[in-house]
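The listed protein sequences derive, respectively, from chains A and B. Residues 691 to 935 in this note's numbering are what the first sequence lists, from first letter to last. Residues 691 to 935 in this note's numbering are what the second sequence lists, from first letter to last.
Protein chains: 2
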Amino acid sequence: MPKPSATKKPAAKRPQKPPRRGVADAAQVASGKAARSRRTQARILDAAEELFSHHGIYGVSIRDIADAAGVDTALLHYHFANKDGIYEAVLLRRAGEINTARTRSLDDYALACAGKPSIEGVVRAYLQPVFERLRNGGRGFNNFAALIALANNTELWGGGTVKEYFDPSVQRLIELLRLAMPKAREADLYWGYQFLSGALTLSYSRNDRIKWLSHGQCRANDYAAIEPRLVEWCTAAFRALGARR
Amino acid sequence: MPKPSATKKPAAKRPQKPPRRGVADAAQVASGKAARSRRTQARILDAAEELFSHHGIYGVSIRDIADAAGVDTALLHYHFANKDGIYEAVLLRRAGEINTARTRSLDDYALACAGKPSIEGVVRAYLQPVFERLRNGGRGFNNFAALIALANNTELWGGGTVKEYFDPSVQRLIELLRLAMPKAREADLYWGYQFLSGALTLSYSRNDRIKWLSHGQCRANDYAAIEPRLVEWCTAAFRALGARR
DNA sequence: CCCCAAATTCATGATTCGATCAATAACCAC
DNA sequence: GTGGTTATTGATCGAATCATGAATTTGGGG
Numbered sequence: 691m692p693k694p695s696a697t698k699k700p701a702a703k704r705p706q707k708p709p710r711r712g713v714a715d716a717a718q719v720a721s722g723k724a725a726r727s728r729r730t731q732a733r734i735l736d737a738a739e740e741l742f743s744h745h746g747i748y749g750v751s752i753r754d755i756a757d758a759a760g761v762d763t764a765l766l767h768y769h770f771a772n773k774d775g776i777y778e779a780v781l782l783r784r785a786g787e788i789n790t791a792r793t794r795s796l797d798d799y800a801l802a803c804a805g806k807p808s809i810e811g812v813v814r815a816y817l818q819p820v821f822e823r824l825r826n827g828g829r830g831f832n833n834f835a836a837l838i839a840l841a842n843n844t845e846l847w848g849g850g851t852v853k854e855y856f857d858p859s860v861q862r863l864i865e866l867l868r869l870a871m872p873k874a875r876e877a878d879l880y881w882g883y884q885f886l887s888g889a890l891t892l893s894y895s896r897n898d899r900i901k902w903l904s905h906g907q908c909r910a911n912d913y914a915a916i917e918p919r920l921v922e923w924c925t926a927a928f929r930a931l932g933a934r935r
Numbered sequence: 691m692p693k694p695s696a697t698k699k700p701a702a703k704r705p706q707k708p709p710r711r712g713v714a715d716a717a718q719v720a721s722g723k724a725a726r727s728r729r730t731q732a733r734i735l736d737a738a739e740e741l742f743s744h745h746g747i748y749g750v751s752i753r754d755i756a757d758a759a760g761v762d763t764a765l766l767h768y769h770f771a772n773k774d775g776i777y778e779a780v781l782l783r784r785a786g787e788i789n790t791a792r793t794r795s796l797d798d799y800a801l802a803c804a805g806k807p808s809i810e811g812v813v814r815a816y817l818q819p820v821f822e823r824l825r826n827g828g829r830g831f832n833n834f835a836a837l838i839a840l841a842n843n844t845e846l847w848g849g850g851t852v853k854e855y856f857d858p859s860v861q862r863l864i865e866l867l868r869l870a871m872p873k874a875r876e877a878d879l880y881w882g883y884q885f886l887s888g889a890l891t892l893s894y895s896r897n898d899r900i901k902w903l904s905h906g907q908c909r910a911n912d913y914a915a916i917e918p919r920l921v922e923w924c925t926a927a928f929r930a931l932g933a934r935r
């Protein structure tokens, strides 16, 4: 019983709460009650992010999160109403940021190429923001990415709230690819994205099978090795797919 | 708490049990106690396979499986000792079959091409058995595939028992690719497999986001559309990756 | 300094979960 | 049939789960 705990939402008793400013800025050392509260929420979300990314939403109990964050379980309910609320908050905290970055990167490239995009340029512009954050975003972003990878193979994905955050950047990607491959069929662009997405997703997942398969030659999260190869891979593949008669 | 319930395995009190012949053959209508028992186990595994593929191992309770299979929960413990036992049995039931089929398909191709494999031929031979089963294997195999997709983004994947079933066919794939691309670097072959694997995995997962992205033009599990495109995609991509200086 | 509201903890309830044990039903050998 | 073994059920335990409401602390405004 997957427990659709969202059905009877306990009404999130959290009172009014100031305009709900970004919860994300954890490192802040400001004082004051609100700042302290925001820091606590960030600690909770950090813990939840890590645990969820390892064991999935059903593999983690509210107690686990509370213990990892060093607070009482009731506090989680106070801030996020219920478990689903925590899960959603974890996703929303970063989903917007990464996707606006993607869209911006694509827009920048569209300008720079003066209306004549290349497949390689588009693919690179789409991938760059993620890999930059995977390399420099700290453990937090890597946990988030692994969680996305986990959630990505679920039916719930795509219909949820996250959809509206991720979709625009993908549509922008498709748009530019259409310009780069005018002869390609519409459907092939989407299938290409699907294949790209699968490869990318597996790249930042927690699956390190390649390490064993390659007898240690490749390490799963060696993003410096992955990014250029994935760009080459998808570029050539899109070109072939676009040449279908 | 991810509950490593495998730690104290309740010793599977199931007594001696005949030589443990293939549990897989469910449709059998043979009579007799043993046959009946095997059919029951198959029903249990079918139910577990479906539920696990939807909600993951932690999202399903033993009671859920028992209800879906129409038996008492105690019976699950009798046959499979504990929850992990059920999960493992679900995986093992099909893992061997699909991977020997893959290896056989690759071996057949290696013979047919007389020592001069092409990238496309190798990729096609590797993918063919899966897609054939996805199209004709009934709901059972599709559930299994979706479960694999789910498990594939977990750290536990690769170290488990399943590793030994999946690895040989992959190594055979790499071998043949090495012949097809003599100049390619070793590491690039493994990275290429990683990208292929990600795309393939997403293809049979329960993620139907492409349907929405493409406004209905593409349907996630339209394997007749996916297989040829994925072959083209990977072929071109491997060729490019193998041409790295 | 004091009070109010927000943030946090403490104690607890109801439910579900995995697992076990004894009891029954089905089957087979004799 | 009868006896013995295997397969299956019924009842139940203890632990863990999500959630709630009452207490307690914390911080800032008057």
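Note that CB positions come from ideal geometry on N, CA and C, so glycine has one too. Small disclaimer: the values here were computed from a predicted structure and weren't measured.
Using 7 angstroms as the threshold, is the C-beta distance between E740/A and N833/A below it?
Result yes, Cβ atoms of E740/A and N833/A sit closer than 7 angstroms.
Kindly list the residues whose CB is nearer than 8 angstroms to the CB of V780/A, restricted to its own chain and excluding five residues on each side of it in sequence; keep chain order.
The answer, listed in chain order, is L735, A738, E739, F742, F834, L837.
If you measure between the beta carbons of S895/B and A930/B, is that distance less than 7 angstroms?
Cβ distance not < 7 angstroms, so S895/B and A930/B don't count as in contact.
Quick one, which residues of the stretch 879 to 895 of chain B are near chain A if we go by CB-CB under 9 angstroms, in chain order?
For the stretch 879 to 895 of chain B, which is checked against every Cβ of chain A, the residues closer than 9 angstroms are L879, Y880, W881, G882, Y883, Q884, F885, L886, S887, G888, A889, L890, T891, L892, S893, S895.
Using a Cβ distance threshold of 8 angstroms, determine whether the stretch 887 to 902 of chain B contacts the stretch 872 to 879 of chain B, with at least three qualifying pairs required.
Here the stretch 887 to 902 of chain B makes no contact with the stretch 872 to 879 of chain B; the two share fewer than three CB pairs at distances below 8 angstroms.
Might you give, ordered along the chain, the residues of its own chain that have their beta carbon closer than 7 angstroms to the beta carbon of K698/A, omitting 5 neighbours on each side?
Caution is warranted here: a pLDDT of 39 is assigned to K698/A, below 50, making its placement in the model unreliable, and no coordinate value can be reported.
Have a look at A804/B, I788/B, L817/B and flag the residue whose alpha-carbon is nearest the alpha-carbon of E854/B.
Of A804/B, I788/B, L817/B, the residue nearest in Cα terms is I788/B.
Could you say which of D757/A, A926/A, S727/A lies nearest to G882/B if we only look at CA atoms?
Looking at D757/A, A926/A, S727/A, the one whose alpha-carbon comes closest to that of G882/B is A926/A.
How about R792/B and P819/B: do their beta carbons lie closer than 7 angstroms?
Less than 7 angstroms separates the beta-carbon of R792/B from that of P819/B.
Please check if any C-beta of chain B sits within less than 7 angstroms of the C-beta of Q818/A.
Judged by the 7 angstroms Cβ criterion, Q818/A is not in contact with chain B.
The alpha helix (DSSP H) spanning L903/B covers which residue range?
Under the DSSP assignment, L903/B falls in the alpha helix (DSSP H) whose first and last residues are 899 to 903.
Flag Y913/A as yes if its beta-carbon sits less than 7 angstroms from any beta-carbon of chain B, otherwise no.
No, its Cβ sits nowhere closer than 7 angstroms to a Cβ of chain B.
Assign S859/A to one of two classes, buried (16 or more other C-beta atoms within 10 Å of its C-beta) or exposed (fewer than that).
Counting of Cβ neighbours within 10 angstroms places S859/A among the buried residues, the total reaching 16 or more.
The ligand ATP heavy atoms versus the CB of T844/B: any closer than 6 angstroms?
This structure does not include the ligand ATP; it has no bound ligands of any sort.
Just to confirm the assignment, what range does the alpha helix (DSSP H) spanning D762/B have?
The continuous stretches of alpha helix (DSSP H) do not include D762/B, and DSSP gives it neither H nor E.
Environment of H905/A [buried if 16+ CB atoms lie within 10 Å]:
The C-beta of H905/A has fewer than 16 other C-beta atoms within 10 Å across all chains shown, which makes the residue exposed.
Spatial distance of L824/A from T891/B (CA atoms)
In a straight line, the C-alpha of L824/A is about 22 angstroms away from that of T891/B.
Where does V820/B sit, in a helix, a strand or coil, going by DSSP?
Per DSSP, reduced to three states, the secondary structure at V820/B is helical.
Would you check if the distance between the CB atom of N897/B and the CB atom of N897/A is smaller than 7 angstroms?
No.
Can you check which of these residues, A815/B, I755/B, H745/B, is closest to A944/B by C-alpha distance?
With chain B represented from 691 up to 935, any question about residue 944/B goes unanswered, as that position is not in the structure.
As assigned by DSSP and simplified to three states, the class of A739/B:
A quick correction: the sequence has Glu, not Ala, at residue 739/B. The DSSP-derived three-state label of E739/B is helix.
Counting beta carbon pairs with one atom in the stretch 793 to 813 of chain B and one in the stretch 791 to 809 of chain A, are three or more of them shorter than 8 angstroms?
The stretch 791 to 809 of chain A vs the stretch 793 to 813 of chain B: no contact.
Measuring alpha carbon to alpha carbon, tell me which residue in L866/B, A785/B, V921/B is nearest L801/B.
Selected option, being the one with the closest Cα: L866/B.
Quick one: using the 10 Å Cβ neighbour count with 16 as the cut-off for buried, is Q884/A buried or exposed?
Classification for Q884/A: buried.
I need the DSSP call for C908/A, collapsed to helix, strand or coil.
Reduced to three states, the DSSP call for C908/A is coil.
How many whole angstroms separate the CB atoms of A889/B and L920/B, which I take to be in contact at a CB cut-off of 8 angstroms?
Going by Cβ atoms, the distance from A889/B to L920/B rounds to 6 angstroms, so yes, they are a contact pair.
Is F831/B buried or exposed, if buried means 16 or more other CB atoms sit within 10 Å of its CB?
By the C-beta density criterion, F831/B is buried, having at least 16 other C-beta atoms within 10 angstroms.
Chain B residues whose Cβ lies nearer than 8 angstroms to that of S904/A:
The CB of S904/A comes closer than 8 angstroms to the CB of E876, A877, Y880 in chain B, given here in chain order.
Please state the DSSP three-state secondary structure of R875/A.
Three-state result, R875/A: coil.
Does the Cβ of G746/B have 16 or more other Cβ atoms within 10 Å, making it buried, or fewer, making it exposed?
Buried: at least 16 other Cβ atoms inside 10 Å.
Taking I776/B and T763/B to be in contact with their CB atoms under 8 angstroms, please state how far apart those CB atoms are, rounded to whole angstroms.
With a Cβ gap of about 11 angstroms, I776/B and T763/B do not count as contacting.
My guess is that T790/B and V761/B are in contact by the Cβ rule of under 8 angstroms, so how many angstroms apart are they, rounded?
Contact flag wrong, Cβ pair sits at about 31 angstroms.
Go ahead and pull the three-state DSSP assignment for S721/B.
Coil at S721/B, not helix or strand.
Residues of the stretch 746 to 759 of chain A in Cβ contact with chain B at a cutoff of 7 angstroms, in chain order, please.
Listed by position along the chain: G746, Y748, G749, S751, D754.
Can you give the Cα-Cα distance for A914/A and A785/A, rounded to whole angstroms?
Between the C-alpha atoms of A914/A and A785/A there is a straight-line separation of about 23 angstroms.
May I have the straight-line CA-CA distance separating S721/A from Y799/A, to the nearest angstrom?
Distance between the alpha carbons of S721/A and Y799/A: 41 angstroms.
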